[in-house]
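In our numbering, the protein residues as written are 821 to 1403.
The block underneath contains the structure these notes are about, expressed in structure tokens.
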């Protein structure tokens, strides 16, 4: 239903009631009044029957009352007993929103236990015994159980989101650089016929290749291929084709417990999922998921998820496809469950592409300009529509990278192609906290403290995460896609310098606190051709950068190759040896 006061936001009934409660004191008082004896009796009968569906309805019908908190606690306990810790956390959090002071103690303790099972420490130790059915645990014994569960959870399969980039180096001091050829990544020859107009024939420069470091490997992916490079030698350990791409960005893997999960084409115009052994590169399984996967896979406490769309109406209809959340068996790829989320509209001339991130126990995703928040059962909490320009209208559309939102401290930071603005949303409600337009917006780089680092076609800027205010702006004429970070103090930006006789790639160390340039180092390109530089990759103190052009006299890579250069301190100049003196 539409959110009060925001025509672009649609929320679930509990969220709508909670919003009205916060704005209307009289409504809040009426909603939280004690139930009549007859209503209380019916609620008690529902709880006594232990019917999950009926208790879910009870939680909805009594939203805002202590009875709803009791129902949420029952549903959370049921999920906890079924080892579904993420759902348990979701119910306990909902119950805490409407709980009385007396109820908060029991719910907070349960939330602490369920979160420990997910490897997280939440809240404070209880001061009163915690009751589960007929069992009553004293505070010290309860904390012992929490510690044991937390210790076990950290050693088990955890949560793995699609990996975007490894671009944060622990140390990379300001110094003259040299670029040493380290490896080659074969992107594969593009099949332009796989893309519709106006994507066909274009090279989507940004985000076409991504790279992450996983253990002793650098995993490099593009629209068509995934390769594993040995960190010690730079040699390719294994490589796999992913099919003729339909997408304007790279496919990003989820890596967990020695396995790599990544989308691959299983038939024309359709993506499935492939599981690869990280060490050997052996394909463990491949599935087509029955429909087209539109999101990179992700794992939550060992459970493997993705999102798919299926056409339901005639072509040309505005909302022509059904978006569903699908869970697969990570050992076999068998579809375990599929639940419908909502109908979605396809952007003109743009294939469906969905980006997902976890915010607490909720799943937040972007697709076709919309932002959707759901739990892992597929129940939508809120949905926000945003206005954007179409690909064939917005000249900067293809300069923006397709990346998932960033989630931090109950807030979401995101941008979507065609929108031209960075948005900060409240993760719980979907409300816009602030919006900041950025000319030439390309991507949100990351969050460091209270600073949100943003990349544009004009340079790099930092926004205040609370207000969206521009803290500093560093213009870099001829800015290039490659960007990295060094610890929590420095951003490493790149730009192209064009001189009459040559072209240079310049690396700029930018202070995160002030935006001042702390140092620069320029490297000559082998030929006078525009480079596609990036992404930047880091592992500890080592930093690499991919380029489609030769650097420092290195031969030009073939059109289908990206060369991986390791950035090292420049060698000291060799002292000239004086000629021997005549006897």
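Don't be surprised by glycine CBs; every beta carbon is placed ideally from N, CA and C.
Taking all protein chains shown into account, decide if residue 958 is buried (16 or more other Cβ within 10 angstroms of its Cβ) or exposed. exposed
Where residue 830 falls: helix, strand or coil (DSSP): The answer is strand: DSSP assigns residue 830 an E or B state.
Run the CB neighbour count on residue 1055, radius 10 Å, all protein chains shown included, and call it buried at 16 or more, exposed below. When all chains shown are included, residue 1055 counts as exposed.
Check whether the segment 1246 to 1261 touches the segment 1305 to 1315, taking contact to mean three or more Cβ pairs, one atom from each stretch, closer than 8 Å. Proximity of the segment 1246 to 1261 to the segment 1305 to 1315 falls short of the contact definition, fewer than three beta-carbon pairs being nearer than 8 Å.
Determine whether the Cβ of residue 1050 lies closer than 8 Å to any Cβ atom of chain E. In summary, chain E is missing from the structure at hand, where a single protein chain is found.
Helix or strand or just coil, what does DSSP make of residue 1351? coil
In its own chain, which residues sit with a C-beta less than 8 Å from the C-beta of residue 1370, not counting the 5 before and 5 after it? 1345, 1346, 1347, 1376, 1377, 1383
Between the CA atoms of residue 992 and residue 999 - distance to the nearest angstrom: 14 Å
Alpha carbon to alpha carbon, how far is residue 1075 from residue 920? Give it in angstroms, no decimals. 42 Å
Between which two residues does the alpha helix (DSSP H) holding residue 898 run? 886 to 901
Helix, strand or coil for residue 1108 per DSSP? coil
Within this structure, are the beta carbons of residue 1147 and residue 1156 separated by less than 8 Å? yes
Going straight from the alpha carbon of residue 1278 to that of residue 1236, what length do you get? 18 Å
Through-space distance from residue 1357 to residue 1417, alpha-carbon basis: Missing from the structure shown is residue 1417; the chain here goes from 821 to 1403 and no further.
What does the Cβ neighbour count give for residue 955, buried or exposed, with the cut at 16 atoms within 10 Å? exposed
With 16 other CB atoms within 10 Å as the buried threshold, where does residue 903 fall? Of the other Cβ atoms in all chains shown, fewer than 16 fall within 10 Å of the Cβ of residue 903; this residue is therefore exposed.
Please list the terminal residues of the continuous alpha helix (DSSP H) segment that includes residue 1197. Run containing residue 1197: none; DSSP gives neither H nor E here.
Meets three-Cβ-pair contact criterion under 8 Å: the segment 926 to 942 and the segment 1172 to 1180: no
Using only the alpha-carbon positions, how far apart do residue 1309 and residue 1328 sit? 13 Å
Give me the residue from 1262, 1149, 1080 with the minimum Cα distance to residue 1102. 1080
Short of 6 Å in beta carbon distance, which residues of its chain neighbour residue 1227, apart from the five on each side in sequence? Order them along the chain. 1177, 1179
Applying the 10 Å Cβ sphere with the 16-neighbour rule, what's the burial state of residue 1149? Taking every protein chain shown into account, the CB of residue 1149 has fewer than 16 other CB atoms within 10 angstroms, so this residue is exposed.
Measure the Cβ-Cβ separation of residue 1188 and residue 1164 and say whether it is below 8 Å. yes
Alpha carbon to alpha carbon, what distance is there between residue 823 and residue 1204? Whole-angstrom Cα-Cα distance: 10 Å.
Using 8 Å as the threshold, is the segment 899 to 917 in touch with the segment 870 to 878, meaning 3 or more CB pairs across them? no
Does DSSP classify residue 924 as helix, strand or coil? helix
If I measure Cβ to Cβ from residue 1095 and keep anything under 6 Å in the same chain, skipping five residues before and after, which residues do I get? 1079, 1081, 1104, 1105
Quick one: residues in its chain with C-beta nearer than 6 Å to the C-beta of residue 1107, no 5 flanking neighbours on either side, listed in chain order? 1092, 1093, 1153
Same chain, Cβ closer than 6 Å to residue 1084, neighbours up to 5 away in sequence not counted: 1062, 1063, 1094
Specify the secondary structure class of residue 1270 as computed by DSSP and reduced to three states. coil
Please report the distance separating the alpha-carbon of residue 1325 from that of residue 1387. 12 Å
Between which two residues does the alpha helix (DSSP H) carrying residue 1172 extend? Here residue 1172 belongs to no alpha helix (DSSP H), and DSSP marks it neither H nor E.
Under a Cβ-count criterion, where at least 16 other Cβ atoms within 10 Å of its own Cβ denotes burial, should residue 1120 be classed as buried or exposed? buried
Cβ of residue 1281 within 8 Å of Cβ of residue 1263? no
Is DSSP giving residue 905 helix, strand or coil here? helix
When burial is assigned at 16 or more other CB atoms within 10 Å of the CB, is residue 910 buried or exposed? buried
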